[in-house]
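*Asks:* For the numbering used here, add 1 to where a residue sits in the sequence shown, where the first one is 1. Backbone N, C-alpha and C define an ideal beta-carbon position, used for all residues, glycine too. On a predicted model such as this, the values are computed, not experimentally measured, just so you know. Submitted below is the structure of interest, expressed as structure tokens.
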Amino acid sequence: MINFKIFYSIFLFSIFFSCKQNKQADQKAVINEVKTDILKNIPSNLKIEKQEKINIDNDPDDELIVTAVDSLSEKYFEYWYKNGNLIHEFSYPFVSINYKWFADLDDDNKKEVIRAQGYEDGLDYAIYKIKNNDEILQLYFNPGLKDERYGDKNFWAYPNDIRELAVDQDKKLLVSLDNNYPRDDDHTMPDNQRELPFVFFKGKTTQPDMKLKNLKRQQRIDLKDLVKSIAKGNSPESKISMATVQEIIHDLNGDGIKDKIEVCKNTSLNDKFDQEHFHLPIKIFKGTNSGFELWKENNNLIYSVDNTCASEGFSNIVVKDNYFTIEAQTCYDYNVLVNGFTTFKIENNEIFLYKYGEEYFDKSNHDKKIPSKVWTQKNLGKIKFQDVNESFLKKLKNKN
Numbered sequence: 002m003i004n005f006k007i008f009y010s011i012f013l014f015s016i017f018f019s020c021k022q023n024k025q026a027d028q029k030a031v032i033n034e035v036k037t038d039i040l041k042n043i044p045s046n047l048k049i050e051k052q053e054k055i056n057i058d059n060d061p062d063d064e065l066i067v068t069a070v071d072s073l074s075e076k077y078f079e080y081w082y083k084n085g086n087l088i089h090e091f092s093y094p095f096v097s098i099n100y101k102w103f104a105d106l107d108d109d110n111k112k113e114v115i116r117a118q119g120y121e122d123g124l125d126y127a128i129y130k131i132k133n134n135d136e137i138l139q140l141y142f143n144p145g146l147k148d149e150r151y152g153d154k155n156f157w158a159y160p161n162d163i164r165e166l167a168v169d170q171d172k173k174l175l176v177s178l179d180n181n182y183p184r185d186d187d188h189t190m191p192d193n194q195r196e197l198p199f200v201f202f203k204g205k206t207t208q209p210d211m212k213l214k215n216l217k218r219q220q221r222i223d224l225k226d227l228v229k230s231i232a233k234g235n236s237p238e239s240k241i242s243m244a245t246v247q248e249i250i251h252d253l254n255g256d257g258i259k260d261k262i263e264v265c266k267n268t269s270l271n272d273k274f275d276q277e278h279f280h281l282p283i284k285i286f287k288g289t290n291s292g293f294e295l296w297k298e299n300n301n302l303i304y305s306v307d308n309t310c311a312s313e314g315f316s317n318i319v320v321k322d323n324y325f326t327i328e329a330q331t332c333y334d335y336n337v338l339v340n341g342f343t344t345f346k347i348e349n350n351e352i353f354l355y356k357y358g359e360e361y362f363d364k365s366n367h368d369k370k371i372p373s374k375v376w377t378q379k380n381l382g383k384i385k386f387q388d389v390n391e392s393f394l395k396k397l398k399n400k401n
């Protein structure tokens, strides 16, 4: 397995070295190209670092993008010109590594912007759309590289190795999803994404030892569908109002499309530990071809806070095939801890309680053996997921 701390040290050193070389070359080009009349809108206290000619909207005229930095190197400014007129002005915090590429990823006749920005200890890769005078973030991603010299092998993409985004004639990206690949560097994980997908570039790797191994299958997908497929909630723009304590992605109903289970933080509680362990809302999302749709939810299943009970509350969700089990801890008196296991089964479009089990531990007498108990569907009947609550589970202890 790759040591990612060593990997990123090598990676970021190579970026830093090459960035210094590129910066010198860019400075020379800028000095030769500056025209005072075109750049009259740029404040005199800014230092111009780069000029680029890009055809953003596929018409006969190129746009000129000028990048400048303030005297304290705290902020970057971009000025976009067309036919001598200023059409866009963007700003963002200064970063020592700052690259961008362009690709047409939809049907609005405007290229999207792909940026790699950060420092020697980590980079963020992201795709943005230009709408009116705003640059709108679409998603963050992990960068992969396709190098035709190495056949089907996959590599980490470094800015200097990238030529262009790997987009086909239908404007679809080449991606790999559901990898949960480890990264030890400093990078952004946005609240509205369930993962950082791998999005591939074309280019020539300078570090062929930095292979991406064991990635999930690669597929072609357009930008809109990619944003939907990795989004938390019902739509790509939505954000979960409560932080997620645990999230499971799994095909629960056997239709070939992955579904999602979310255990959400209880923000009504003050204590941070309690917020992540007691009376937590659970949401089940059904996977569709256009993203996740809310399917079932239950706000009363996981045990609530009991100040006389020193227990751990929610601990885990385990999924296997069309079953999932919620593991949580409570107590029936001050001494006896109860580890509860609530298992549900997905049947067609419904979710039923399959069984409930309890294991016991006596804190006052560790050697005391207390028989565990299990109640099955034969004892309980068919009870729907949304109808199972804490009160119902506690009453089971009185059943034989």
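1. Within a Cβ cutoff of 6 Å, which residues of the same chain sit near Tyr77, ignoring the five residues on either side of it in sequence?
2. Could you tell me the alpha carbon to alpha carbon distance between Pro191 and Lys374, rounded to whole angstroms?
3. Starting from the C-beta of Arg218, find all residues in its chain whose C-beta is less than 8 Å away, skip the five residues before and the five after it, and write them out in chain order.
4. If the criterion is Cβ atoms closer than 9 Å, does the pair Phe345 and Phe362 meet it?
5. Ends of the alpha helix (DSSP H) at Asn86?
6. According to DSSP, Leu166 sits in a beta bridge with which residue or residues?
7. Rank Asn317, Asp322, Glu263 and Asp334 by C-alpha distance to the C-alpha of Glu328 and give the top, closest one.
8. Looking at the structure shown, is Ile303 part of a helix, part of a strand, or coil, going by DSSP?
9. In whole angstroms, what separates the C-alpha of Lys205 from that of Ile98?
10. Alpha carbons only, please: which of Asn133, Ile115 and Gln170 is nearest the one belonging to Asn143?
11. Which value, in whole angstroms, describes the spacing of the CA atoms of Tyr82 and Leu227?
12. Where in the region 375-401 do unbroken runs of the alpha helix (DSSP H), each at least 4 residues long, occur, reported from the N-terminal end onward?
13. Where Tyr182 and Leu213 are concerned, what is the direct C-alpha to C-alpha distance, given to the nearest angstrom?
14. Does DSSP put Arg195 in a helix, in a strand, or in coil?
15. Note down, in chain order, each residue of its chain lying with its Cβ closer than 8 Å to the Cβ of Arg195, except the 5 sequence neighbours on either side.
16. Which residues in the same chain as Gln28 place their Cβ atom closer than 6 Å to its Cβ, once the five residues preceding and following it in sequence are excluded?
17. Using DSSP's beta-bridge definition, name the partner residues of Pro144.
*Replies:* Answer, in terms of the structure:
1. What you label residue 77 is simply residue 76 of the sequence shown in a count that begins at 1. If we look at Tyr77 and ignore the five residues flanking it on each side, its Cβ neighbours are Val70, Tyr93 and Phe95.
2. By 1-based counting over the sequence shown, the position of residue 191 is 190. By 1-based counting over the sequence shown, the position of residue 374 is 373. Whole-angstrom Cα-Cα distance: 42 Å.
3. Residue 218 sits at position 217 when you count from the first residue of the sequence shown. Excluding its 5 nearest sequence neighbours in each direction, Arg218 has C-beta neighbours in its own chain below 8 Å: Ser177, listed in chain order.
4. Locating residue 345 in the sequence shown gives position 344, where the first residue counts as 1. Locating residue 362 in the sequence shown gives position 361, where the first residue counts as 1. No, they are not a contact pair.
5. Numbered from its first residue, the sequence shown carries residue 86 at position 85. Per DSSP, Asn86 lies in no alpha helix (DSSP H) segment; the continuous beta strand (DSSP E) that holds it begins and ends at Asn86 to Pro94.
6. The count along the sequence shown starts at 1 and reaches residue 166 at position 165. Beta-bridge annotation (DSSP): Leu166 is paired with Phe202.
7. Position 327 of the sequence shown, counted from the start, is the residue given in the question as residue 328. In this structure, Asn317 is the residue among Asn317, Asp322, Glu263 and Asp334 with its C-alpha nearest to the C-alpha of Glu328.
8. Counting from 1 along the sequence shown, the entry for residue 303 is found at position 302. The answer is coil: DSSP assigns Ile303 none of H, G, I, E or B.
9. Within the sequence shown, residue 205 is the residue found at index 204, counting from 1. Within the sequence shown, residue 98 is the residue found at index 97, counting from 1. In this model, Lys205 and Ile98 are separated by some 19 Å (Cα to Cα).
10. Within the sequence shown, numbered from 1, the residue matching residue 143 stands at position 142. Proximity to Asn143 across Asn133, Ile115 and Gln170 peaks at Ile115, based on C-alpha coordinates.
11. Working through the sequence shown from its first residue, we reach residue 82 at position 81. Working through the sequence shown from its first residue, we reach residue 227 at position 226. Going by C-alpha positions, Tyr82 is about 31 Å away from Leu227.
12. Listed in chain order, they are 378-381 and 391-396.
13. In the sequence shown, the residue the question calls residue 182 occupies position 181. In the sequence shown, the residue the question calls residue 213 occupies position 212. Looking at the two C-alpha atoms, the distance is approximately 9 Å.
14. By one-based count along the sequence shown, residue 195 stands at place 194. In this structure, Arg195 counts as coil in the three-state DSSP scheme.
15. The residue you call residue 195 lines up with position 194 of the sequence shown. The residues are Ile231, Ala232, Lys233, Glu248, Ile250 and Lys261.
16. Counted from its first residue, the sequence shown places residue 28 at position 27. The predicted position of Gln28 is uncertain, since its pLDDT is 38 and thus under 50; a value taken from the coordinates is nonetheless stated next. Nothing meets the Cβ criterion.
17. Within the sequence shown, residue 144 is the residue found at index 143, counting from 1. According to DSSP, which records beta bridges pairwise, Pro144 is partnered with Val200.
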